[in-house]
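For the sequence shown, the working numbering assigns the number 2 to the initial residue and increments by one for each residue that follows.
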Amino acid sequence: MVKTLYEPGEIPPLGVVPREMYASVIRPERYGPPDKAFEVERLAVPDVGRGQVLVLVMAAGINYNNVWSALGSPLDVIAARAKAGDTSGFHIGGSEGAGVVWAVGEGVHDVSVGDEVVLSGCQWDESAADIRLGTDPISSSSQAAWGYQNNYGSFAQFTVVDEYQCHPKPANLSWEEAACFMLTGVTAYRQLMGWPPHVVRPGDPVLVWGGAGGLGSMAIQIVRMFGGIPIAVVSDDSRAEYCERLGAKGVINRRDFDHWGRLPEVMDAEAMARWTRGARDFGRRFWEVLGDRRSPRIVLEHVGEDTIPTSMYVCDAGGMVVICGGTTGYNADVDLRHLWMRQKRLQGSHYANTRECREVTQLVATGQLDPCLSWCGDLNDVGHAHQLMYENSHPPGNMAALISAPARGLRTLDTTRAVGAGV
Numbered sequence: 002m003v004k005t006l007y008e009p010g011e012i013p014p015l016g017v018v019p020r021e022m023y024a025s026v027i028r029p030e031r032y033g034p035p036d037k038a039f040e041v042e043r044l045a046v047p048d049v050g051r052g053q054v055l056v057l058v059m060a061a062g063i064n065y066n067n068v069w070s071a072l073g074s075p076l077d078v079i080a081a082r083a084k085a086g087d088t089s090g091f092h093i094g095g096s097e098g099a100g101v102v103w104a105v106g107e108g109v110h111d112v113s114v115g116d117e118v119v120l121s122g123c124q125w126d127e128s129a130a131d132i133r134l135g136t137d138p139i140s141s142s143s144q145a146a147w148g149y150q151n152n153y154g155s156f157a158q159f160t161v162v163d164e165y166q167c168h169p170k171p172a173n174l175s176w177e178e179a180a181c182f183m184l185t186g187v188t189a190y191r192q193l194m195g196w197p198p199h200v201v202r203p204g205d206p207v208l209v210w211g212g213a214g215g216l217g218s219m220a221i222q223i224v225r226m227f228g229g230i231p232i233a234v235v236s237d238d239s240r241a242e243y244c245e246r247l248g249a250k251g252v253i254n255r256r257d258f259d260h261w262g263r264l265p266e267v268m269d270a271e272a273m274a275r276w277t278r279g280a281r282d283f284g285r286r287f288w289e290v291l292g293d294r295r296s297p298r299i300v301l302e303h304v305g306e307d308t309i310p311t312s313m314y315v316c317d318a319g320g321m322v323v324i325c326g327g328t329t330g331y332n333a334d335v336d337l338r339h340l341w342m343r344q345k346r347l348q349g350s351h352y353a354n355t356r357e358c359r360e361v362t363q364l365v366a367t368g369q370l371d372p373c374l375s376w377c378g379d380l381n382d383v384g385h386a387h388q389l390m391y392e393n394s395h396p397p398g399n400m401a402a403l404i405s406a407p408a409r410g411l412r413t414l415d416t417t418r419a420v421g422a423g424v
């Protein structure tokens, strides 16, 4: 008889799908601080449809998007899905992970039961009209963030993904290391290498906001990998050594400046002069760290409202500010004079396509890109991990949580099963 539930760390026979699973779940009545919003519950294992893959999740990465899910703001993801007909009433987050293919749906041919995989974080409709006409799927009107906009993410013993989300797990990584780079790593890679002619070239100065964070730690390495010169922005001098160890030329502590936020009115001469002095001082600090009076050809942004005005100001003439988020807010101001007269580029960038995901897994598999795992908990710690991120008190680098894996450091299904069985 098929058991209805497997305890964490207990691995069922390969291909045997239980009726229930444990998951870290958000419900609307718990919206608020992440450490209160997430609770471990027993839920039914999701069904597998055509073109889909059921994965036993060994570990999952932690990212800021599910801080927003926990808060229910700025998007109530459960309400948004309800408008589209979803009656589940809950949210299982998690937009990256590592695990084992446990079952496949009709039409799946590139992965098989037993394959060890890492999971990418975006889904789209492969039959969408714009994709059929040649649009990059990541730019399709049908794309949505798995484990954020879409349900049944990686914070559960089992998850359902589309076949193209499965990539070979780098054999050199533990489950938790493999789980933590497929969102930050590929996002940074597309920002830095996906928008020609503004790709990192040898000798290019690059400004990296949040250099000690997950995205920043990936970006510093990628800039160095392609010959650029990364300079990181941090909020604490204690994080400088971490960034420099990854390859940053140096760091700028943003707390040395106080001009952050939206631009003042242009006609308010006094306020505008104060802001301009702050932005100029920041630009001079960049030159000092670089050791050369050159401005950043690429600025890697995700901070948004507080920093976009400065990013656009200090970016080199003909350079690019590339942004993938807005952790301080979405109402970012741009002085259009800097944009058009200096012919700068403000480029939005969202996650990555399948090819870029695969290229990043190869960089990790060959040891060229370190996943920078700094913290690892388990399924019960998912809310706590997001609380750390919400309070900006998380350690440098990327975070992960063990889901089905019983211990850290395990790399294969066989060794994981043996440890779970106490062998």
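Positions of the beta carbon are idealized from the N, C-alpha and C atoms, including for glycine.
With a cutoff of 7 Å on beta-carbon distance, residue 304 and residue 210 are scored as near each other.
Along the length of the segment 289 to 337, whole beta strand (DSSP E) runs at least 3 residues long occupy 299 to 302 and 321 to 324, reported in chain order. The beta carbon of residue 258 sits closer than 7 Å to those of 279, 282 and 283, all from its chain and outside the five residues before and after it, given in chain order.
Close CB contacts of residue 222 within its chain, under the 7 Å cut and outside five residues either way in sequence, are with 247, 248, 370 and 371 (chain order). Under the DSSP definition of a beta bridge, residue 230 partners with 206. Residue environment analysis places residue 331 among the exposed positions, since fewer than 16 neighbouring C-beta atoms fall within 10 angstroms of its C-beta. By the CB criterion at 7 Å, residue 291 and residue 101 fall outside the cutoff. Taking residue 408 as reference, the option from 15, 7 and 11 with the minimal CA-CA separation is 11. For residue 379, there is no enclosing alpha helix (DSSP H); the enclosing beta strand (DSSP E) covers residues 374 to 379. Here the alpha carbon of residue 28 sits roughly 13 Å from the alpha carbon of residue 69. Counted as a single uninterrupted DSSP element, the alpha helix (DSSP H) harbouring residue 194 occupies residues 185 to 194. Residue 337 has its alpha-carbon roughly 31 Å from the corresponding atom of residue 218. In the three-state scheme derived from DSSP, where H, G and I count as helix and E and B as strand, residue 358 is classed as helix.
Nearest neighbour of residue 139 by Cα position, chosen from 191, 91, 97 and 89, turns out to be 191. Residue 23 sits in a strand when the DSSP states are folded into three classes.
Around residue 273, the same chain offers 265 and 267 as residues with beta carbons nearer than 7 Å, after the five sequence neighbours per side are excluded. The beta carbon of residue 376 lies closer than 6 Å to those of 396 and 400 in the same chain, with the five residues before and after it left out. In the three-state reduction of the DSSP assignment, residue 399 falls in the strand class. Considering only 298, 418 and 412, the residue with the shortest C-alpha distance to residue 169 is 412. Per DSSP, reduced to three states, the secondary structure at residue 41 is strand. The Cβ neighbour count for residue 387, taken over all protein chains shown within 10 Å, is at least 16; the residue is labelled buried. For the pair residue 193 and residue 201, the CB atoms are nearer than the 7 Å cut-off. In the DSSP assignment, residue 163 is bridged to 53.
Annotation: the continuous alpha helix (DSSP H) that includes residue 247 extends over 241 to 247.
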